[in-house]
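Novice: Going down the list, the protein sequences come from chains A and X.
Mapping of the first sequence onto the numbering used here: residues 1 to 352, in sequence order.
Mapping of the second sequence onto the numbering used here: residues 353 to 688, in sequence order.
Cβ atoms here follow ideal geometry from the backbone N, Cα and C, with glycine treated the same way.
Just dropping this structure here.
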Amino acid sequence: MGRYIVQRFLWMFIVLFVISMITFAMMHAVPGGPFTQEKALPPEIIANLEKRYHLNEPYWKQYLLYIDNVMVPHISKDAAPEMVDEALVEISLPGGNYLRWINFGPSYSSRSRTVNDIFREQLPVSIQLGVISMVVAITIGLPLGVISALKQNTIWDFLGMSVAIFGVSMPVVAMGPILIWIFGVALKWLPPTGWGAKPPFTLFFIPNTLGSWDFWKHTLMPAFAVGTGYSAIIARLTRASLLQVIHEDYIRTARAKGLSERIVTTRHALRNALIPVVTILGPMFAGVLTGLFVVEQVFGIPGMGKYFITSITNRDYPVIMGAILMYAFFLVISNVFVDITYAWLDPRIRYD
Amino acid sequence: MTNSEMMIPEASDQDKERGLWMDALYRLAQNKASLIGGGMVILLILMAIFANYIAPYSFSEQDRQLTDAVPQWVTVIFPTIKPYAEISDKFSIGADYVGRDMLSRFIYGARISLVVAIVGATISLFIGTVYGLTSGFFGGQVDNLMMRFVDIMYAFPSMLMIILMMAFFRSSFAESEPGSLSYMMNSVDQRFGGMLFIFVGIGITAWMGTARLARGQVLSLREQEFTLAAKALGASSSRIIFKHLLPNVLGPLMIRVTLAIPGYISTEAFLSFIGLGVNAPTPSWGSMIADGAVAIRTYPHQAIFPAIALSFTMFAFNFLGDGLRDALDPRLRGTQ
Chain A
1 MGRYIVQRFL WMFIVLFVIS MITFAMMHAV PGGPFTQEKA LPPEIIANLE KRYHLNEPYW
61 KQYLLYIDNV MVPHISKDAA PEMVDEALVE ISLPGGNYLR WINFGPSYSS RSRTVNDIFR
121 EQLPVSIQLG VISMVVAITI GLPLGVISAL KQNTIWDFLG MSVAIFGVSM PVVAMGPILI
181 WIFGVALKWL PPTGWGAKPP FTLFFIPNTL GSWDFWKHTL MPAFAVGTGY SAIIARLTRA
241 SLLQVIHEDY IRTARAKGLS ERIVTTRHAL RNALIPVVTI LGPMFAGVLT GLFVVEQVFG
301 IPGMGKYFIT SITNRDYPVI MGAILMYAFF LVISNVFVDI TYAWLDPRIR YD
Chain X
353 MTNSEMMIPE ASDQDKERGL WMDALYRLAQ NKASLIGGGM VILLILMAIF ANYIAPYSFS
413 EQDRQLTDAV PQWVTVIFPT IKPYAEISDK FSIGADYVGR DMLSRFIYGA RISLVVAIVG
473 ATISLFIGTV YGLTSGFFGG QVDNLMMRFV DIMYAFPSML MIILMMAFFR SSFAESEPGS
533 LSYMMNSVDQ RFGGMLFIFV GIGITAWMGT ARLARGQVLS LREQEFTLAA KALGASSSRI
593 IFKHLLPNVL GPLMIRVTLA IPGYISTEAF LSFIGLGVNA PTPSWGSMIA DGAVAIRTYP
653 HQAIFPAIAL SFTMFAFNFL GDGLRDALDP RLRGTQ
């Protein structure tokens, strides 16, 4: 088991490397560069800009330079000689040296900011929304699924699954405008757009306005719009898998040996029925995060999504690379987590 | 399966006569909700196929005198727009911001959603199932290699990847030489209003989830006694995979693919919503919502009508899928 976990983590790095390479290749395969504009810049200026950002170097060198900046810690005498060299992790060492690590580089399209700045200010907003949406999804979905399965073919089952079908049938693109119109325009209860938290954040993503209505009134609609869809997936999966498990022989055995119905349900049925549910939760959170573009676009939330979409049209290489790597990192971590949980929950699964 | 056969022997005799798929069809026809869903899906398909006969106007025809026109009945539902709206009953659900008939655009828009749904589901089910079953059944090095590939593909954030690929295809293929493959793909894409690249994007990202699920199920199933029994009786690998494992994993897989169909539809809607989906005059419900969302304060119906249409389509597929699940999952047999 220990060896398996180490193995998975090693693989994670390889996966991230391959992803960074594919992304790098795809970005550069698209004709035109970040400084190709409608009104063409003088060639000297383009040459200078490209030199400044090392775009005149051969591709392999650009790639290695990027990986070096992101992965390898650098030690130098002064704090941050230039804004571009600023890093996410900066530790002052004894002797006036500084250790700098994780530098995703500059943003070409907004010259006054780096990709690190975008991560620091926009990513936390996305994470806040993602976490709250997940909480909404699980608190609605899990009980709904369990009740529907335990009371199969009753009115409760029917009601639960109707709610689930309703949730899964309303994509954010459709639900967003409807919610905005009802609560934002017609009733005027909630603000139709915007977000109620600004950097700096505690512990990277916890907003300082967490206790105030100002934060929650901006959160309710988007979190609900995202959460209901995912709660439906959780509910249906929980129901389906619990139904399968309930008809297994070992459940009958558990009942036959006189265990109470509560113990049979929680200890024997749920524990096994939750395997597929747990499998989906990790990637689901990563999926919620990477899928937040939609809700951010619909509700005008200043998260990562907006920046990623504009960065693609602008050929803002470092932002594209940074965003894809960051999200891929979330996805890989969640998958590793799932595989380990899998092995822990179902001892029949052997990894050798 | 063994479970229900032991309990209700008569039913299993009937099963053998009808076979797995006929049995599933029979059960599907008995489920009212799924019949309604199936009916709606068939209606949508007919609407999409015969769009040019049903639609009162062409999807790109403009009436510049009647931009944002609304018929009488819409002002009854949304009274706020009465004071400033251009009221005209020429268009039965109103005109959009350049004076195109929304009903016609809505009817043509069904084409995009349905084709995306069918193509996405087919790719996901076929590639994913075969891949996952093979990987899970053989295990060991084969499993390791195959799943590492899925890991890499899976770790690509799918929405980001689709967006990146759309940008890549659109700009690089637009500038290619006539006669080359990319030129051909681009002209096919142009002909279909920008749908080809949506398929490629969804296709590349759709099958991995199914593969992982199939493999996960098989991993657990192949350790169970009935697989061992089949092996002991000398059944070949392909027989075990298709006769013993496939029926057992099909239920969860169908649920997964069913859950995914609305996902493909909404992916397309979102791509069109942000302007990376279908090309400009081709109508898609996503781009209609995007156009309407801009004017959500003044003309809310322009966003809300296509939003409802999108939801209804997804409802229909979900109802149908639910029925399919109950019909296809052999372990739920005899439990009703």
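Give the range of the alpha helix (DSSP H) segment to which A/TRP213 is assigned.
Specialist: Residue numbering aside, residue 213 of chain A sits at position 213 when the first sequence is read from its first letter. Element bounds for A/TRP213: 213-246.
Novice: Assuming contact is defined by CB atoms lying nearer than 8 Å, are A/ASN208 and A/PRO34 in contact in what I supplied?
Specialist: As a working note, residue 208 of chain A is residue 208 in the first sequence. As a working note, residue 34 of chain A is residue 34 in the first sequence. Not in contact: A/ASN208 and A/PRO34 (Cβ atoms no closer than 8 Å).
Novice: My output table needs one value for A/SER76: the three-state DSSP class, helix, strand or coil.
Specialist: Here residue 76 of chain A refers to the residue found at position 76 of the first sequence. Three-state DSSP puts A/SER76 in a strand.
Novice: State yes or no: is the C-beta of X/SER510 within less than 8 Å of the C-beta of X/THR557?
Specialist: Position 158 of the second sequence holds residue 510 of chain X. Position 205 of the second sequence holds residue 557 of chain X. A contact, by the Cβ cut-off of 8 Å.
Novice: Are A/VAL89 and A/ILE75 touching if we call contact CB-CB under 8 Å?
Specialist: The sequence position of residue 89 of chain A within the first sequence is 89, counting from 1. The sequence position of residue 75 of chain A within the first sequence is 75, counting from 1. Contact: no.
Novice: With DSSP as the reference, identify every bridge partner of X/ALA447, one or two as the case may be.
Specialist: Here residue 447 of chain X refers to the residue found at position 95 of the second sequence. DSSP lists X/ASP453 as partners of X/ALA447.
Novice: Measure the alpha-carbon distance for X/ALA563 versus X/ARG591 and round it to whole angstroms.
Specialist: Here residue 563 of chain X refers to the residue found at position 211 when the second sequence is read from its first residue. Here residue 591 of chain X refers to the residue found at position 239 when the second sequence is read from its first residue. Going by the C-alpha atoms only, they are around 19 Å apart.
Novice: Can you pull the chain X neighbours of A/ILE67, defined as C-beta to C-beta under 8 Å?
Specialist: Here residue 67 of chain A is taken as the residue at index 67 of the first sequence, counted from 1. Within 8 Å Cβ-Cβ: nothing; A/ILE67 doesn't reach chain X, min ~17 Å.
Novice: Using the three-state DSSP reduction, which class does A/ILE182 fall into: helix, strand or coil?
Specialist: Stepping through the first sequence from its first residue, residue 182 of chain A is reached at position 182. Correct three-state label for A/ILE182: helix.
Novice: Can you tell me the Cα-Cα spacing of X/PRO614 and X/PHE671, whole angstroms?
Specialist: As a first step, residue 614 of chain X must be located in the second sequence, where it is residue number 262. As a first step, residue 671 of chain X must be located in the second sequence, where it is residue number 319. Cα to Cα, X/PRO614 sits roughly 11 Å from X/PHE671.
Novice: Since A/ILE206 sits in a beta bridge, which residues does DSSP pair it with?
Specialist: Locating residue 206 of chain A in the first sequence gives position 206, counting from the first residue. Bridge partners of A/ILE206: A/THR202.
Novice: From the beta carbon of X/ARG500, is the nearest beta carbon of chain A less than 8 Å away?
Specialist: The residue given as residue 500 of chain X occupies position 148 in the second sequence. Closer than 8 Å to some Cβ of chain A, the Cβ of X/ARG500 qualifies, so yes.
Novice: With a threshold of 8 Å between beta-carbons, can A/VAL89 be considered close to chain X, or not?
Specialist: In the first sequence, the residue the question calls residue 89 of chain A occupies position 89. It does not: the Cβ of A/VAL89 has no partner Cβ on chain X nearer than 8 Å.
Novice: Put A/PHE337 into one of helix, strand or coil per three-state DSSP.
Specialist: Locating residue 337 of chain A in the first sequence gives position 337, counting from the first residue. If DSSP states are grouped into helix, strand and coil, A/PHE337 belongs with the helices.
Novice: If the cut is a Cβ gap below 8 Å, which residues of chain A does X/ASN670 touch?
Specialist: The residue given as residue 670 of chain X occupies position 318 in the second sequence. The contacting residues are ILE165, VAL168 and SER169.
Novice: So who's on the other strand from A/THR114, going by DSSP bridges?
Specialist: Reading the first sequence from its first residue, position 114 is the one you call residue 114 of chain A. For A/THR114, which the question treats as bridged, DSSP gives the partners A/PRO106.
Novice: Can a CB atom of chain B be found closer than 8 Å to the CB of X/ARG379?
Specialist: No chain B is present in this structure, whose protein chains are A and X.
Novice: Hey, could you find the ends of the alpha helix (DSSP H) A/VAL70 is sitting in?
Specialist: Counting from 1 along the first sequence, the entry for residue 70 of chain A is found at position 70. 59-71 is the span of the alpha helix (DSSP H), which, as asked, contains A/VAL70.
Novice: Report yes or no: is there a C-beta of chain X within less than 8 Å of the C-beta of A/ALA269?
Specialist: One-based indexing of the first sequence puts residue 269 of chain A at position 269. For A/ALA269, the answer is no, since every Cβ of chain X falls outside 8 Å of its Cβ.
Novice: Can you tell which of A/PHE215, A/ARG262 and A/LYS151 has its C-alpha closest to the C-alpha of A/ALA197?
Specialist: As a position in the first sequence, residue 197 of chain A is number 197, starting the count at 1. Nearest C-alpha to A/ALA197: A/PHE215.
Novice: When DSSP labels each residue in this structure, what does X/ARG567 get in the three-state scheme?
Specialist: Looking up residue 567 of chain X in the second sequence gives position 215. In the structure shown, X/ARG567 sits in a helix (DSSP, three-state: H, G or I).
Novice: Residues in its own chain within less than 7 Å of X/PHE622 by CB, not counting five upstream and five downstream?
Specialist: To locate residue 622 of chain X, count along the second sequence from 1; it is residue 270. Same-chain partners within the cutoff: GLY638.
Novice: Any C-beta of chain X sitting closer than 8 Å to the C-beta of A/ALA29?
Specialist: If you number the first sequence from 1, residue 29 of chain A lands on position 29. By this cut-off, A/ALA29 is an interface position.
Novice: Quick one: grab the DSSP three-state call for X/ARG685.
Specialist: The residue labelled residue 685 of chain X in the question sits at position 333 within the second sequence. Residue placement at X/ARG685 is flagged as unreliable, the pLDDT there being 44, under the threshold of 50; the coordinate-derived value follows with that caveat. If DSSP states are grouped into helix, strand and coil, X/ARG685 belongs with coil.
Novice: In chain order, what are the residue ranges of uninterrupted alpha helix (DSSP H) at least 4 long that sit wholly in the region 397-444 of chain X?
Specialist: The qualifying runs are 403-406 and 424-429.
Novice: For the region 551-571 of chain X, which residues have a beta carbon sitting closer than 9 Å to at least one beta carbon of chain A?
Specialist: Listed in sequence order: GLY561, ARG564, LEU565, GLY568, GLN569 and LEU571.
Novice: Quick check: what's the CA-CA separation for X/GLY686 versus X/GLY391?
Specialist: If you number the second sequence from 1, residue 686 of chain X lands on position 334. If you number the second sequence from 1, residue 391 of chain X lands on position 39. Reliability of the predicted coordinates at X/GLY686 is poor, the pLDDT of 40 falling under 50, and no value is obtained from them.
Novice: Consult DSSP for A/TRP11 and reduce its assignment to one of helix, strand or coil.
Specialist: Counted from its first residue, the first sequence places residue 11 of chain A at position 11. A/TRP11: helix per DSSP, three-state reduction.
Novice: Inspect the beta-carbon positions of A/VAL173 and X/PHE625 and report whether they are closer than 8 Å.
Specialist: Within the first sequence, numbered from 1, the residue matching residue 173 of chain A stands at position 173. Within the second sequence, numbered from 1, the residue matching residue 625 of chain X stands at position 273. For A/VAL173 and X/PHE625, yes; Cβs fall inside 8 Å.
Novice: Between which two residues does the beta strand (DSSP E) harbouring X/TRP637 extend?
Specialist: What you label residue 637 of chain X is simply residue 285 of the second sequence in a count that begins at 1. Premise fails: X/TRP637 lies in the alpha helix (DSSP H), 637-646, not in any beta strand (DSSP E).
Novice: By the three-class DSSP mapping on this structure, what secondary structure does A/SER169 have?
Specialist: In the first sequence, the residue the question calls residue 169 of chain A occupies position 169. Three-state DSSP puts A/SER169 in coil, outside helix and strand.
Novice: So, helix, strand or coil for X/ARG649, using DSSP?
Specialist: Within the second sequence, numbered from 1, the residue matching residue 649 of chain X stands at position 297. Looking at X/ARG649 - three-state DSSP - the assignment turns out to be coil, as it is neither helix nor strand.
Novice: Out of curiosity, what's the CA-to-CA distance linking X/GLY546 and X/LEU585?
Specialist: Residue numbering aside, residue 546 of chain X sits at position 194 when the second sequence is read from its first letter. Residue numbering aside, residue 585 of chain X sits at position 233 when the second sequence is read from its first letter. For X/GLY546 and X/LEU585, the distance between alpha carbons rounds to 53 Å.
Novice: Output needed for X/VAL616: all residues of its chain with C-beta closer than 6 Å, excluding positions within five of it in sequence on either side, in chain order.
Specialist: The sequence position of residue 616 of chain X within the second sequence is 264, counting from 1. The sequence given here places Tyr at residue 616 of chain X; Val does not occur at that position. So the qualifying residues of the chain are VAL468, ALA469, GLY472 and ILE554.
Novice: Beta-carbon within less than 7 Å of X/LEU466's beta-carbon, same chain only, minus the 5 sequence neighbours each way: which residues are those?
Specialist: Here residue 466 of chain X is taken as the residue at index 114 of the second sequence, counted from 1. Result list for X/LEU466: LEU396, ILE397 and ALA400, in chain order.
Novice: Measure the C-alpha to C-alpha separation of A/ALA149 and A/THR266 and round it to an integer number of angstroms.
Specialist: As a position in the first sequence, residue 149 of chain A is number 149, starting the count at 1. As a position in the first sequence, residue 266 of chain A is number 266, starting the count at 1. Computed Cα separation, rounded: 13 Å.
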